[in-house]
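Okay, structure first, notes after.
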Amino acid sequence: MMKTPYRLAAAAALLPLLLACAAEPSDPFLVQSDAGPVQGFAPEGASDVAAFLGIPFAQAPEGHLRWRPPVAVEPWTEPLQANEYRPICPQGRAQLTQSENCLYLNVWTSAERSGDDAMPVMVWIHGGGFRAGNGRLGEAPATGRGAGLASRGVVVVSIQYRLGALGFFAHPALAAEAAASGQPEGSHGVLDMIAALEWVQRNAAAFGGDPDRVTIFGVSAGGMAVNTLMSTPSSAGLFHRAIAQSGYGTWRLPHLSEPRWGLPSARDHGAALIAGAGFDLGNAPSADDLRGVSFEDLNALGTGFWVPITGTVLPDEPGIVFARGEQHDVPYITGGNSFEGTIFRAFATTPGDFFATFGEREQQARNLYGADGETDADTERIAAATLFGDQRYVISARYLAAQMKTVSSPARTYYFRFVPEARREALPGAPHGSEVSYAFGDPGAPDSERYPGADGAALADAMAGYWTRFAATGDPNGDGAPEWPEYDAESDTWMVLDAPGPKTTPGVLKDKLDLLEAVYLERVGGE
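First residue of the sequence shown? That's 3 in the working numbering, and the numbers climb one at a time after it.
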C-alpha cells in the first residue's frame, strides 16, 4: 500500500488524540479532532443530530501546493466554529463562493451518541463530471439530507475534492517535478479523496463512528470515484463497503504517459492545452509558471478530459482492474437508472453520429433501442440518449458486479426506475441522479413541489433502509424488506427500485447490455 505524505505526516500525533477522542463526550456539539477542537450545532428540525460543517482535512492546495498531494493541516487550539459550509472547489459558472482553499468535509452524527456504541460511517462523494459539484447536503442551518440520513443511526461525512484542471491535470513540467520529489503525479482529486478517508479513520471515533465500518458512496462522477477507490492500492484499508450509484467504470480513461483508446496521453493533452491557451508562458513552461495561471483561466481550458488518469494512483480503468481481481475485496452495491441519458446533450454529438460510433453494430443498436431509421427526430434523440446512458452507466454496473467473482466479497445490483406520477408523461424513465434523494431517505415534505407521492416516500424509506443496513453489516437485507440476493452473472438478478416497492428481477435490459458488453470487450481487447 502506498503511504501518502498526508498519512505519514499525521501518524506521529495520532495515538494520544485517539485516546482522548474515544471518551464519551460531555458536550455532543464539541468534539476533539486530531487537529483541534471542533464546535458543531443542532440543525433546524433535527434536534437529535449534531452537525459539523467545514472541517479542513488538508491545507489549502494553492500556491506552491497546487498540483501536489494534500498536506496535513496545521493544528489549532481554540474551537473551530463548524457552523457553516466553506467555499466550493473552483469550477465553471457557480453562484457559490469558490476558492482553491476548498478541502473541507462535513459531518452529521447523533447528538445522543455513546462511546460504547459506535455507528457505521457513510462517506458521500459528490458527482458533477469531476468538473463541478460540492459537499453540501442541504443548506445550513437545516442541512436536510445529511441530518436526515444521520437520524437513521449512521455517521454521515461529505467531502470535497479538487476538480477540473486543478484536480486532474498532467503536464511534462509537473511530471519532471513529481519524478524529482518522488510524489504521485496527476489525479490530485483522487488523492484528496484518499486524504479525506484517512481523516475519517483518524477521527471517526471522536464523532461516534466506527472506523472499521466505513462505506463510501457517490453518484455519477462520485460513483466513478467509488470505482476508482475500489481500484487503487492507495486506499487499502480506508473503507469496508462501497456503493457506486451510476458510476461508470467501463468508459475509456486517459493514460498518464501513453496514447490509449484513441486518446492522447494526459501529459500531451495538458501540454497542448497550455500551448494553445495564449498564457504567454513560453515554449517550455516550468511547474512554477503553470502555478502562476489563475484558477479562472485554468477552468476555461476545456471540459472533456477532466477524469481520473490511469498509470498513476489509479493503475488502470476500473473495469480492467476488476477483471484482474485486483480491486478491494469489500461488499459492493452498484446500479443505474432507467433514463441516464438526460446528460446526453452535454457531450455535443448528434443522435446519428452517436449511433454511427457502433460501426458494424449500428443497426443492431438502432433495433434494440427503437431507432431503426423509420422514427422521427424526437424518438431517435430519446433512443440515442437512452443508449448513451446505458453504455456509460448501466453496463458498467453489470460488468463490475460480475467481476466481483474474482474476490470473495459479494456484489449486488439495482435498477432505479421510479418516476413520480406528475412527471411520467414528460420523462421516458428515471433521470440521471434522480435516485439520490431516495438513497438519503429524503422524498421531500408532503406539501413540497418535489414530493413524489406516497409510493415515492415509501420507496425512499426502503432505499435508505437498504443503504444504511449495508453500511452497518455489509448486507442490505433485514427489517422485513424484500430479499436482495447477491449478484451472479448466470442468474443476472437485479433489485428493481420502483413503485409500489422494490422487487427482484432477472435479466434487466439483457439484450441491450449484452451488446454493450461486447462493444466494451472489443475495445479493451479482453484485458
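Virtual Cβ for every residue (Gly too), placed ideally from N, Cα, C.
In or out: residue i buried (at least 16 other Cβ within 10 Å) or exposed?
i, result
"alanine 182", "exposed"
"arginine 425", "exposed"
"glutamate 524", "exposed"
"threonine 99", "exposed"
"histidine 66", "exposed"
"glutamate 342", "buried"
"aspartate 444", "buried"
"phenylalanine 54", "buried"
"glutamate 86", "exposed"
"glutamate 485", "exposed"
"tryptophan 557", "Any question about residue 557 goes unanswered here, given that the chain covers just 3 to 529."
"proline 71", "buried"
"aspartate 318", "buried"
"serine 410", "exposed"
"alanine 358", "exposed"
"aspartate 380", "exposed"
"aspartate 378", "exposed"
"proline 448", "exposed"
"threonine 352", "exposed"
"arginine 147", "buried"
"glutamate 492", "exposed"
"alanine 256", "The sequence as given places proline at residue 256; alanine does not occur at that position. Classification of proline 256: buried, given that the 10 Å Cβ count is 16 or more."
"lysine 514", "buried"
"serine 116", "exposed"
"aspartate 355", "exposed"
"serine 450", "exposed"
"serine 35", "buried"
Could you spell out the range, first to last residue, of the beta strand (DSSP E) harbouring residue i?
i, result
"alanine 244", "243 to 247"
"methionine 406", "Per DSSP, methionine 406 belongs to no beta strand (DSSP E) and is neither H nor E."
"asparagine 339", "334 to 339"
"tyrosine 417", "413 to 418"
"alanine 238", "Where alanine 238 is concerned, there is no enclosing beta strand (DSSP E), given that its DSSP letter is neither H nor E."
"phenylalanine 472", "No beta strand (DSSP E) holds phenylalanine 472; the alpha helix (DSSP H) holding it covers 455 to 475."
"glycine 56", "51 to 58"
"aspartate 481", "That residue, aspartate 481, is in no beta strand (DSSP E); it is neither H nor E in DSSP."
"aspartate 214", "211 to 221"
"proline 39", "39 to 41"
"isoleucine 161", "157 to 161"
"leucine 176", "Counting along the chain, leucine 176 falls outside any beta strand (DSSP E), though it belongs to the alpha helix (DSSP H) covering 174 to 183."
"leucine 32", "32 to 34"
I believe residue i touches residue j by the beta-carbon criterion, under 8 Å. Please report the beta-carbon distance rounded to the nearest angstrom.
i, j, result
"valine 332", "arginine 243", "6 Å"
"alanine 246", "threonine 336", "4 Å"
"tryptophan 110", "alanine 152", "4 Å"
"arginine 39", "alanine 113", "The identity of residue 39 in the sequence shown is proline, whereas the question assumes arginine. Contact flag wrong, Cβ pair sits at about 17 Å."
"tyrosine 401", "tyrosine 522", "7 Å"
"alanine 483", "glycine 458", "With 8 Å as the limit, alanine 483 and glycine 458 do not qualify as a contact, their Cβ atoms being about 17 Å apart."
Go to residue i, then tell me how far its alpha helix (DSSP H) extends in each direction, as first and last residue.
i, result
"leucine 168", "166 to 169"
"threonine 381", "379 to 391"
"tryptophan 201", "190 to 205"
"isoleucine 276", "268 to 278"
"glutamine 365", "364 to 370"
"tyrosine 87", "It is not in any alpha helix (DSSP H) - tyrosine 87 carries neither H nor E in the DSSP assignment."
"tyrosine 440", "438 to 441"
"valine 323", "320 to 325"
"leucine 292", "289 to 293"
"aspartate 299", "297 to 301"
"alanine 358", "353 to 358"
Under 8 Å, with one C-beta from each stretch per pair, do the stretch 250 to 262 and the stretch 154 to 168 reach the 3-pair mark?
no
Report the start-end ranges of each alpha helix (DSSP H) in the stretch 92 to 152 that is 4 residues or longer and not cut off at the edges.
146 to 152
Count the C-beta pairs between the stretch 208 to 224 and the stretch 314 to 327 that are closer than 8 Å, then say yes if the count reaches three, no if not.
no
Give a yes or no on contact between the stretch 157 to 176 and the stretch 270 to 289, applying the rule of three or more CB pairs nearer than 8 Å.
yes
Touch test, the stretch 42 to 62 against the stretch 138 to 149, Cβ-Cβ under 8 Å, three pairs minimum:
yes
To test your reading of the DSSP string, which unbroken beta strand (DSSP E) runs of 3 or more residues are found completely within the stretch 488 to 529?
495 to 499 and 505 to 508
Do the stretch 307 to 316 and the stretch 188 to 208 meet, that is, are 3 or more Cβ pairs less than 8 Å apart?
yes
Segment contact, 8 Å Cβ cut-off, at least three pairs: the stretch 217 to 230 with the stretch 123 to 135:
yes
Below 8 Å, how does it come out for the stretch 413 to 424 and the stretch 495 to 508: are there three or more Cβ pairs, yes or no?
yes
On the three-pair Cβ rule with 8 Å, is the stretch 189 to 208 touching the stretch 279 to 286?
no
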